[in-house]
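Here's the structure, in structure tokens; my notes come after.
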Amino acid sequence: MTRLESRKNRLDRDALSRILPELGQARRNLLAQPSLLLRLEILEHT
Numbered sequence: 046m047t048r049l050e051s052r053k054n055r056l057d058r059d060a061l062s063r064i065l066p067e068l069g070q071a072r073r074n075l076l077a078q079p080s081l082l083l084r085l086e087i088l089e090h091t
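Residue numbers for the sequence shown follow our numbering, so the first one is 46 and each next one is one higher.
Here it is, written out as structure tokens:
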């Protein structure tokens, strides 16, 4: 593996570690607001 590839993998992991907690938080917010989740599903189907 080249140095560039390993740097990219590290950047990907850093990005994931930042994004995943935000996704978890967003999912908790949605679970706390089921009506918002329903609206999202309706938007996706239209």
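Built from N, CA and C at the ideal position, the CB exists for glycine as well. All values reported here derive from a predicted model rather than from experimental measurement.
{"query": "Whether residue 81 touches residue 75 by CB criterion (8 Å)", "result": "yes"}
{"query": "C-alpha gap between residue 51 and residue 66, whole angstroms", "result": "23 Å"}
{"query": "Cα-Cα separation, residue 90 to residue 55", "result": "36 Å"}
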